[in-house]
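One structure is given below, encoded as C-alpha cells.
There are 2 protein chains.
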Amino acid sequence: MAVQMELRRIVVNELQDGHTLLLKEVDGDRCFSMVVGLFEVRSIDFRVRKEQSPRPLTHDLLNLVIEALGGELQDILISEMREQTYFARVRIRKDGEIIEVDSRPSDAIALAVTAQVPIYASEDVIEEASGA
Amino acid sequence: MAVQMELRRIVVNELQDGHTLLLKEVDGDRCFSMVVGLFEVRSIDFRVRKEQSPRPLTHDLLNLVIEALGGELQDILISEMREQTYFARVRIRKDGEIIEVDSRPSDAIALAVTAQVPIYASEDVIEEASGA
Numbered sequence: 242m243a244v245q246m247e248l249r250r251i252v253v254n255e256l257q258d259g260h261t262l263l264l265k266e267v268d269g270d271r272c273f274s275m276v277v278g279l280f281e282v283r284s285i286d287f288r289v290r291k292e293q294s295p296r297p298l299t300h301d302l303l304n305l306v307i308e309a310l311g312g313e314l315q316d317i318l319i320s321e322m323r324e325q326t327y328f329a330r331v332r333i334r335k336d337g338e339i340i341e342v343d344s345r346p347s348d349a350i351a352l353a354v355t356a357q358v359p360i361y362a363s364e365d366v367i368e369e370a371s372g373a
Numbered sequence: 242m243a244v245q246m247e248l249r250r251i252v253v254n255e256l257q258d259g260h261t262l263l264l265k266e267v268d269g270d271r272c273f274s275m276v277v278g279l280f281e282v283r284s285i286d287f288r289v290r291k292e293q294s295p296r297p298l299t300h301d302l303l304n305l306v307i308e309a310l311g312g313e314l315q316d317i318l319i320s321e322m323r324e325q326t327y328f329a330r331v332r333i334r335k336d337g338e339i340i341e342v343d344s345r346p347s348d349a350i351a352l353a354v355t356a357q358v359p360i361y362a363s364e365d366v367i368e369e370a371s372g373a
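In order, the protein sequences belong to chains F and G. In terms of the numbering used here, the first sequence opens at residue 242 and continues consecutively. In terms of the numbering used here, the second sequence opens at residue 242 and continues consecutively.
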C-alpha cells in the first residue's frame with residue numbers, strides 16, 4: 242500500500258555534503274528522512290520556494306519531455322529501501338496506461354515538486370525507515 | 242544548416258563558479274565555448290570519463306523516460322544565441338516523427354553524452370559564437 246507524503250523540511254548544508262529531506266505522512270505523523278546530493282536538494286528547494294528560472298532547468302526539461310511524448314506525470318513512489326538505499330519510481334500516464342520508470346528518490350521528488358504531483362511512499366519503506 | 246560538433250575540452254573550476262565547455266566542429270576548425278553550471282559540467286565530465294553509477298543519474302533518468310515513452314533520442318542541436326544566451330533543442334524520434342523540446346545547452350549536451358548521440362550547432366550559432 243502506498244501512503245501520501247509531504248516534504249516537511251529541507252536541510253541544505255552549505256559547508257559539507259549530506260543534505261537532508263524530511264518526508265511526513267499527509268494523514269499521519271510518521272516521517273523519515275533521506276540524504277541527497279547538493280544539486281538535487283537545491284533543485285527541490287528552488288521549486289518549493291516557487292522561484293522562477295528564465296530557462297527550463299533539468300527537472301523542467303524532464304517534465305517537458307514527458308509532455309512532448311504524450312505522457313503526463315501522475316505521481317512518484319518511493320517504493321523500497323535496500324541496503325540503506327531508497328528506490329523510487331516515476332509514474333507516467335500515457336494512453337490510459339501507467340508507465341513506471343526507475344529513479345533515484347531525489348530526482349523523483351524534484352520532478353514531483355516541479356510538476357506539482359503527489360509523492361507516495363510504500364508502507365514497507367515507511368515502516369523500515371521511520372522505525373514505526 | 243547544422244554542423245556536427247564534438248566536445249573538445251571541459252574545464253571544471255573547483256574554486257569558483259563558471260565552468261566551461263569547448264565545442265569544436267568535427268569536420269573543421271571552428272570552435273566556441275560556453276559557460277555552464279557546476280552540476281551540468283560535472284554530469285558531462287562524469288559521462289565523458291565513462292564512469293558508472295549504480296543508480297540512474299538525472300540525465301540517465303531523462304533518457305530512460307524517453308525510451309519508456311516509446312521515443313529515441315536522435316541528436317541535440319544548439320540552435321541559437323540570443324543576448325549571450327545559447328538555446329538548444331533535444332530532438333526525439335517517435336513514430337517516424339521528430340519531436341523537438343526546448344532545453345538549455347548544458348542539459349542537452351549532458352543528455353547527448355549520456356545517450357551517445359551527435360551534438361549539432363546551427364551555422365548561425367557557430368558564426369556568431371566563434372567569430373568565424
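The beta-carbon is built from N, C-alpha and C at its ideal position, and this holds for glycine as well.
Rounded Cβ spacing between residue i and residue j (contact assumed at less than 8 Å)
i, j, result
"G/L362", "G/S284", "Per the sequence presented here, residue 362 of chain G reads as Ala, with Leu not at that position. The Cβ separation is near 20 Å, so there is no contact."
"G/R210", "G/L264", "Residue 210 of chain G lies beyond the residue range present for chain G, which begins at 242 and ends at 373; the question has no answer from this structure."
"F/I360", "F/A370", "So it is not a contact: roughly 14 Å between Cβ atoms."
"F/V306", "G/L298", "Actually they are not in contact, since the Cβ atoms of F/V306 and G/L298 sit about 16 Å apart, beyond 8 Å."
"F/L256", "G/K335", "About 45 Å; that fails the 8 Å criterion."
"F/R323", "G/R296", "With 8 Å as the limit, F/R323 and G/R296 do not qualify as a contact, their Cβ atoms being about 11 Å apart."
Reduced DSSP secondary structure (H/G/I, E/B, other) of residue i
i, result
"G/L310", "coil"
"G/E341", "strand"
"F/R290", "coil"
"G/L264", "strand"
"F/L318", "strand"
"G/E234", "Limits of chain G in this structure are 242 at one end and 373 at the other, which puts residue 234 of chain G out of reach."
"F/V253", "coil"
"G/L248", "strand"
"F/V358", "coil"
"G/R323", "strand"
"G/R283", "helix"
Inter-residue Cα distance where the pair is residue i and residue j
i, j, result
"F/R330", "F/E266", "18 Å"
"F/M246", "F/T326", "18 Å"
"F/V244", "F/F273", "13 Å"
"F/Q293", "F/E313", "22 Å"
"F/M242", "F/I319", "11 Å"
"F/A356", "G/D286", "28 Å"
"G/F328", "G/I317", "11 Å"
"G/E364", "G/D270", "13 Å"
"F/E338", "F/V358", "17 Å"
"F/I366", "F/R290", "Here residue 366 of chain F turns out to be Val, not Ile, going by the sequence shown. Going from the Cα of F/V366 to the Cα of F/R290 covers about 27 Å."
"G/E281", "G/M275", "12 Å"
"G/D301", "F/E321", "20 Å"
"G/D268", "G/Q315", "20 Å"
"F/E368", "G/E368", "59 Å"
Min CB distance residue i to chain A below 7 Å
i, result
"F/L262", "Included in the structure are the protein chains F and G, with no chain A among them."
Contacting residues, own chain, Cβ-Cβ under 8 Å from residue i (five flanking each side not counted)
i, result
"G/G278", "D258, H260, S347"
Contacting residues, own chain, Cβ-Cβ under 7 Å from residue i (five flanking each side not counted)
i, result
"F/V252", "H260, T261"
"G/E308", "none"
Beta-carbon contacts of residue i that lie in its chain and below 6 Å, excluding the five residues immediately before and after
i, result
"G/I340", "I333"
"F/A349", "I317, A329, V331"
"F/V342", "V331"
"F/N254", "H260"
Could you run through the stretch 288-308 of chain F and flag, in chain order, every residue whose CB is less than 7 Å away from some CB of chain G? R296, P297, T299, L302, L303, L305, V306, I307
Compile a chain-ordered list of the residues in the stretch 337-348 of chain G whose CB is closer than 9 Å to at least one CB of chain F. The stretch 337-348 of chain G vs chain F, Cβ under 9 Å: I340, E341, V342, D343, S344, R345, S347, D348.
Can you list, in chain order, the residues of the stretch 269-280 of chain F whose Cβ is nearer than 7 Å to any Cβ on chain G? Result list: F280.
Using Cβ-Cβ distances below 8 Å, what residues of the stretch 309-322 of chain G are close to chain F? Answer in chain order: A309, L310, G311, G312.
Taking a cut of 9 Å between CB atoms, which residues from the stretch 323-336 of chain F lie near chain G? Taking 9 Å as the Cβ-Cβ cut-off, the stretch 323-336 of chain F approaches chain G at T326, F328, V331, I333, K335, given in chain order.
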